[in-house]
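Counting from 1, position 147 in the sequence shown corresponds to residue 170 in our numbering; the numbering is continuous, with no gaps.
One structure is given here, and the rest of the page talks about it.
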Amino acid sequence: MGGHKLGPDGKIYIGNAADDGFWQARDSISVIHNPDLPGAACNFERFALGVGDYRGTSFFPNIPNYRLGPLVAQVAEAGRDTTICPGSSVLLGVADSSGSLVFHWWAGNGMDQTLSAMDVAQPMASPWVATTYYLSVEDTTVHAACALTLDSVSIGLYDTTDAPTAFAGRDSLICRGDSLRLGRPDPSAGAWLYAWSPATGLHATQVADPLASPTQSAWFRVETWDLVAGERIACRSAVDSVWVQVEEPLVHPSPESLDFCPGEVLQIGVAPQPGFTYVWRPQMGLQDPNRALTRVAPLETMVYELEITDLSRHALNCRSRRDRVRLATDGCTLQNVLTPNGDGINDVLFLGRFDGVVSLAIFDRWGERVFQTGNYANDWSGGHLPDGVYYYVLKVAGAGGRDLVGNFALLR
Numbered sequence: 024m025g026g027h028k029l030g031p032d033g034k035i036y037i038g039n040a041a042d043d044g045f046w047q048a049r050d051s052i053s054v055i056h057n058p059d060l061p062g063a064a065c066n067f068e069r070f071a072l073g074v075g076d077y078r079g080t081s082f083f084p085n086i087p088n089y090r091l092g093p094l095v096a097q098v099a100e101a102g103r104d105t106t107i108c109p110g111s112s113v114l115l116g117v118a119d120s121s122g123s124l125v126f127h128w129w130a131g132n133g134m135d136q137t138l139s140a141m142d143v144a145q146p147m148a149s150p151w152v153a154t155t156y157y158l159s160v161e162d163t164t165v166h167a168a169c170a171l172t173l174d175s176v177s178i179g180l181y182d183t184t185d186a187p188t189a190f191a192g193r194d195s196l197i198c199r200g201d202s203l204r205l206g207r208p209d210p211s212a213g214a215w216l217y218a219w220s221p222a223t224g225l226h227a228t229q230v231a232d233p234l235a236s237p238t239q240s241a242w243f244r245v246e247t248w249d250l251v252a253g254e255r256i257a258c259r260s261a262v263d264s265v266w267v268q269v270e271e272p273l274v275h276p277s278p279e280s281l282d283f284c285p286g287e288v289l290q291i292g293v294a295p296q297p298g299f300t301y302v303w304r305p306q307m308g309l310q311d312p313n314r315a316l317t318r319v320a321p322l323e324t325m326v327y328e329l330e331i332t333d334l335s336r337h338a339l340n341c342r343s344r345r346d347r348v349r350l351a352t353d354g355c356t357l358q359n360v361l362t363p364n365g366d367g368i369n370d371v372l373f374l375g376r377f378d379g380v381v382s383l384a385i386f387d388r389w390g391e392r393v394f395q396t397g398n399y400a401n402d403w404s405g406g407h408l409p410d411g412v413y414y415y416v417l418k419v420a421g422a423g424g425r426d427l428v429g430n431f432a433l434l435r
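Structural data, given as structure tokens:
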């Protein structure tokens, strides 16, 4: 058959073509009888055509039914319009295994270079601005007039100027048992979403600034994102992490609280250990406020605090510890009677516990000294003195020169 063209009524008409010496009488063929076939002329299935002249009789008695082959071209498919993150790439087109298609991609405006290839079925596109890519596909198995199809695809870019940012906090050192707050207050007024991990040691995992109380050193990771049309987008999310080191508390004996009677000289504190420093507060009445063991002669109930510092540790509450020492006069009754009768009650003059050498002098009611010792050990039973009221002056070495003065009645 000769040159074909589609008429306004959807029928295929035979046009006048130059005589090629074979189809001598074809100019008298008026129409291919297929008036009800829908669709384009290049897109019908194989079927039989009856070829006749204007009188309706067969012009070619030897070819009563001419069979026209399918002219169905592969339709170009550039892919779906989509939006990607700046700096990323997307695969265009669809896969082709036919081997009979010729592809040509282009974008124009200097964006052709954003295609990984221009003559393949599926190039990678890496646009830096929103771009429309065009595709032409030529099917080499069909007539040239039906072989070429076109398509296009638009690739947009997400706006990242106001994308969420992540901040997990600064690397920190804490003492085991302490807590710290990670992250920061939410700068988005609730528009951003958060996910912290691991959950162990965290009081919450979906807030901007959770409280953390880890029992061992760990990395904590936070993901921050917002939603675009209900979806999470990679370039509108961020990740950050923070290292929290957990240190063990110092180990050191604690000082004990003591009961005393006014005037006693006490030694308070603990045995010193290498690598530690010691500071007492308040310093009032102390022999040395910077020693682990020190002497004090309180006149009333006192509360001291000993700060112990381990120089090898760095976390605040692991490096230092404060222990309270209470010196109380609760239940203290000074001996005011001496009855040396051998019954085990008030047989000796007991004036308290003292740390250091104790000097004792005893006077009668007229001020005469009747007994004196430079190393009293709570062991005097009155000697040969007669009954009466006596006075004593007790002095402890290292007590700052303070004297303890009192009186007692000697009864035999």
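Note that beta-carbon positions come from the ideal geometry of N, C-alpha and C, so glycine has one too.
The beta carbons of residue 187 and residue 266 sit no closer together than 8 Å.
Bounds of any alpha helix (DSSP H) do not take in residue 347; it lies within the beta strand (DSSP E) bounded by 343–351. Here residue 351 really is in contact with residue 324; their C-beta atoms are around 5 Å apart, less than 8 Å.
With a cutoff of 8 Å on beta-carbon distance, residue 189 and residue 230 are scored as not near each other. Pairing residue 124 with residue 145 gives a Cβ-Cβ distance that is not under 8 Å.
Per the C-alpha coordinates, the member of 430, 340, 185 and 201 positioned closest to residue 250 is 185. Under DSSP, residue 204 forms a beta bridge with 234. In the three-state reduction of the DSSP assignment, residue 229 falls in the coil class. Pairing residue 349 with residue 427, the inter-Cα distance amounts to about 21 Å.
For secondary structure counted as the beta strand (DSSP E) over 3 or more consecutive residues, the stretch 267–324 holds these complete runs in sequence order: 289–292, 299–304 and 316–319.
In the DSSP annotation of this structure, the continuous segment of the beta strand (DSSP E) that includes residue 126 starts and ends at 124–129. Residue 397 and residue 384 have their alpha carbons spaced roughly 9 Å apart. Looking from the CA of residue 162, the closest CA among 119, 201 and 335 belongs to 119.
Fully contained in the stretch 375–400 is no alpha helix (DSSP H) run of length 4 or more.
Excluding five sequence positions before and after residue 322, the CB atoms of its chain that fall closer than 6 Å to its own CB belong to 285, given in chain order. In the DSSP assignment, residue 373 forms no beta bridge with any residue. Taking C-alpha positions only, residue 170 is separated from residue 122 by approximately 14 Å. Considering only 418, 217, 332 and 165, the residue with the shortest C-alpha distance to residue 303 is 332. Across the set 283, 314 and 275, the C-alpha of 275 shows the shortest separation from the C-alpha of residue 341. Sequence-distant partners of residue 406 (beyond 5 residues in either direction) whose C-beta falls short of 7 Å from its own C-beta, in its chain, are 394. If you draw a straight line from the Cα of residue 209 to the Cα of residue 233, it comes to about 11 Å. Between residue 316 and the set 215, 336, 337 and 289, the nearest pair of CA atoms involves 289. Between residue 387 and residue 415, the beta carbon gap of about 11 Å keeps them out of contact (Cβ cut-off 8 Å).
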